[in-house]
Every structure is written in C-alpha cells, then in structure tokens.
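Numbering (my numbering), first residue to last: 42 to 214.
Backbone N, C-alpha and C define an ideal beta-carbon position, used for all residues, glycine too.
Report on the following structure.
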Ligand SMILES: CC(C)(COP(=O)(O)OP(=O)(O)OC[C@H]1O[C@@H](n2cnc3c(N)ncnc32)[C@H](O)[C@@H]1OP(=O)(O)O)[C@@H](O)C(=O)NCCC(=O)NCCS
C-alpha cells in the first residue's frame, strides 16, 4: 500500500474512551495504554493524547508529557555555550504508535511532524528546546531518520533515550 496523503489525516485530541476494537499496533503495552490509561492520565494532567484518524479509523496515536534533558546527555554542538543549568526543557513523546495495518505509510512521520509543530508552538509560550523519546530498540532507526540523536549512555538500554534539538529547525522556518 502507498503513503496515506497528509491532507487526509486528522489529529484529534482524545476526549473520550476510544472504541476499544478500533486500534491495534504491534506493542501490547501501547495498545493497553490507549485502552486503559490514556484518558485517566489526561484527566490527572499527566499526559495529553492525540489520535491520528483516517477515514474515521484510528490509525495512530501519540501522547505527550513535559520533560527535561540533562546537559550531559547532549552532544557538544547541540548545547548552548555557557549554559548555566543542569537540564534543558523538553517535550517528551511518551507514546507513539501506528496501527499495524497502516505501518510504513507515512503516519508515524506525520505524527512526528505534528509533535514538532506543537513543541514549537509551546516554545513560544514557555521555554522548550528539545523533543525527547525513550524509543523501542526497533524504532531507533525511525527516530534517527527524522533527526533524533541517541543519548550514548542509554544506547544499550531497553528503551534508548533520544532527543531532537528544535533550535536549528526553528531557525530554518
Ligand atoms: C515505529 C513506527 C512509529 C513508525 O511509523 P510508520 O508510520 O510505520 O513509519 P512511516 O511510514 O511514517 O516512516 C517514515 C520513514 O521512516 C522509516 N521507518 C519507519 N519505521 C522505521 C524503523 N523501525 N526503522 C527505520 N526506519 C523506519 C520509513 O521507511 C520512512 O522512510 P522514508 O520517508 O524514506 O520513506 C511504527 O512502526 C510503530 O508504531 N511501531 C510499533 C510501535 C513503536 O515501536 N512505537 C515507537 C515507540 S517509541
């Protein structure tokens, strides 16, 4: 199957319990989060979940939380010279999943671009320089392809920590 045209994809904030039968990705944990925890976490102001819909089907979702990234985790050229604090502000992709029948059709990329757009909007209200994610090992290539760097000390962990510096992106737009 070919790419799903971006203009046919819709990002919709989660407002009610999604239809349990309608979303299934390869990760049981990610399915379970959407089914059981996303709405509750949102009500408790812990995360915000967005559904990616195509033709009324849920083809993906992402959940975002506030985060910080330790200065030592960042490659030298991504840092601010003379930065005084131990941590940089960030938006974290807490969950990102694509329906198993819709993988490799551009939906993950669309949700990443949506996340960058949201993070840039947030950075105009409160300081926010990075996007972080604790990736699944098999998804590291997906994030690297979109400019994320791996934090070396977590490279061999079960969920390698990765980050994207939004400063050069913002300077380009
Ligand atoms: C990883 C995942 C989010 C990718 O989403 P997707 O919609 O299949 O990916 P896309 O079609 O948007 O791919 C965009 C680009 O990344 C590449 N890509 C996708 N998955 C990749 C992977 N696992 N490794 C390397 N590259 C990958 C694609 O080839 C494509 O490249 P192109 O632009 O040159 O054609 C999706 O496969 C998924 O949900 N997997 C299961 C859950 C998971 O691992 N989530 C991430 C947890 S942090």
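Please report the distance separating the alpha-carbon of residue i from that of residue j.
{"i": "residue 140", "j": "residue 98", "result": "10 Å"}
{"i": "residue 197", "j": "residue 203", "result": "12 Å"}
{"i": "residue 153", "j": "residue 69", "result": "21 Å"}
{"i": "residue 146", "j": "residue 100", "result": "10 Å"}
{"i": "residue 174", "j": "residue 213", "result": "23 Å"}
{"i": "residue 189", "j": "residue 63", "result": "30 Å"}
{"i": "residue 209", "j": "residue 110", "result": "17 Å"}
{"i": "residue 47", "j": "residue 142", "result": "17 Å"}
{"i": "residue 90", "j": "residue 104", "result": "4 Å"}
{"i": "residue 191", "j": "residue 201", "result": "7 Å"}
Throw me the rounded Cβ distance for the residue i and residue j pair, which I believe falls under 8 Å.
{"i": "residue 138", "j": "residue 71", "result": "4 Å"}
{"i": "residue 95", "j": "residue 144", "result": "Not quite, the Cβ-Cβ distance comes to about 13 Å (not below 8 Å), so this is no contact."}
Buried or exposed, going by whether 16 or more other CB atoms sit within 10 Å of the CB of residue i?
{"i": "residue 54", "result": "exposed"}
{"i": "residue 206", "result": "buried"}
{"i": "residue 125", "result": "exposed"}
{"i": "residue 172", "result": "buried"}
{"i": "residue 81", "result": "exposed"}
{"i": "residue 199", "result": "exposed"}
{"i": "residue 121", "result": "exposed"}
{"i": "residue 149", "result": "buried"}
{"i": "residue 85", "result": "exposed"}
{"i": "residue 184", "result": "buried"}
{"i": "residue 133", "result": "buried"}
{"i": "residue 56", "result": "exposed"}
{"i": "residue 128", "result": "exposed"}
Closer than 6 Å from C-beta to any heavy atom of ligand 1: which residues, in chain order?
-> That query returns the following residues: 66, 67, 68, 71, 137, 138, 139, 144, 145, 146, 147, 148, 149, 150, 174, 176, 177, 179, 180, 182, 183, 186.
Inter-stretch contact at 8 Å, needing at least 3 Cβ pairs: the segment 73 to 85 / the segment 113 to 123 = Contact check between the segment 73 to 85 and the segment 113 to 123: fewer than three CB pairs, one atom from each, fall below 8 Å, which does not count as touching.
Answer yes if the segment 157 to 169 comes into contact with the segment 177 to 184, meaning at least three C-beta pairs across the two stretches below 8 Å, and no otherwise.
-> Too few Cβ pairs lie closer than 8 Å, so no.
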